[in-house]
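Please read the structure below before turning to the comments.
In full-length UniProt numbering, the protein residues as written are 1 to 225.
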């Protein structure tokens, strides 16, 4: 089972061979799998935080996110047990987890659901490098197939931490799925089984992802200056 992903790029023109857009703001990324696609984002929407006037530039549209979530749900429904235990990593993945859970149900699955709260950012744009657990850890995982959902695969530490912890607690198998992947940021050997979109090294917000507890409400994924 390979990782299926979209490349997110800016530009006016995209050709099937993955050539960069005319603007050259962000080069197109080449991938080998036949189903890799490019999303060309023109006319970026700008929002400003009323408190500190932080500029948010749209990167991935709401409709593109929902379409990709349903695609991944269909793939997961074909690959995983019908009663898979979904575990959403809080707080960043809470919107992604809710949408994926509904999409899995729509695809014919009957998943269970739990949540695990991890943190490595605090209110900073840079990860501390230390993964912290707060709150209860789902305990009834022995012998079960888990689907761990996260918002961003960045350094890889959080996803690797969660996967290893659940395997140590007796999970039969742990499958991972992320909305966004930043391959250039990886610090540990950690790859997701399902990837929504591959992006460059950008600090993103929206769709549940925050910066200092702001911007989670945005229905799209955007970048901040």
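All C-beta atoms, glycine included, are put in the ideal place defined by N, C-alpha and C. Note that the coordinates shown come from a computational prediction; the quantities given were computed from them, not determined experimentally.
Count the CB pairs spanning the stretch 79-95 and the stretch 107-114 that are closer than 8 Å, and state whether there are at least three. They touch, by the three-pair rule.
Specify the secondary structure class of residue 65 as computed by DSSP and reduced to three states. Looking at residue 65 - three-state DSSP - the assignment turns out to be helix.
Less than 9 Å between CB atoms is the rule here; does residue 178 satisfy it with respect to chain D? In the structure shown, chain D does not exist; there is a single protein chain.
Residue 188 and residue 157 closer than 9 Å at C-beta: Closer than 9 Å, so yes.
Leaving out the 5 sequence neighbours to the left and right, which residues in its chain are closer than 7 Å to residue 101 when beta-carbon positions are compared? 86, 111 and 113, listed in sequence order.
With 16 other Cβ atoms within 10 Å as the buried cut-off, status of residue 68: Flag for residue 68 reads buried.
Helix, strand or coil: how does DSSP classify residue 190 here? Coil at residue 190, not helix or strand.
Just the Cα atoms here: how many angstroms apart are residue 147 and residue 163? Residue 147 and residue 163: Cα-Cα distance of roughly 10 Å.
Between which two residues does the beta strand (DSSP E) harbouring residue 203 extend? Counting along the chain, no beta strand (DSSP E) covers residue 203, and no H or E run does either.
Is residue 198 a contact residue of the ligand MN, with contact defined as CB to any heavy atom under 8 Å? Ligands in the displayed structure: none, and consequently the ligand MN is not present.
Going by alpha carbons, who is nearest to residue 99 out of 119, 116, 78 and 72? Residue 72 is the option with its Cα nearest to residue 99.
Here's the rule I'm using: 16 or more other beta-carbon atoms within 10 Å means buried, otherwise exposed. How should residue 53 be labelled? Exposed, because fewer than 16 other Cβ atoms sit within 10 Å of the Cβ of residue 53.
Hey, residue 96 and residue 115: beta-carbon distance below 9 Å or not? Result no, Cβ atoms of residue 96 and residue 115 do not sit closer than 9 Å.
Residue 185, DSSP secondary structure in three states: Residue 185: helix per DSSP, three-state reduction.
Just tell me which of 205, 137 and 89 has its CA closest to the CA of residue 150. The residue with the shortest Cα to Cα distance from residue 150 is 89.
Secondary structure of residue 154, DSSP reduced to three states: Of the three classes helix, strand and coil, the one that applies to residue 154 here is coil, per DSSP.
Would a C-beta distance cut-off of 9 Å place residue 288 and residue 224 closer than the cut-off? Residue 288 lies beyond the residue range present for the chain, which begins at 1 and ends at 225; the question has no answer from this structure.
State the Cα-Cα distance for the pair residue 61 and residue 160, rounded to the nearest angstrom. C-alpha separation (whole angstroms): 28 Å.
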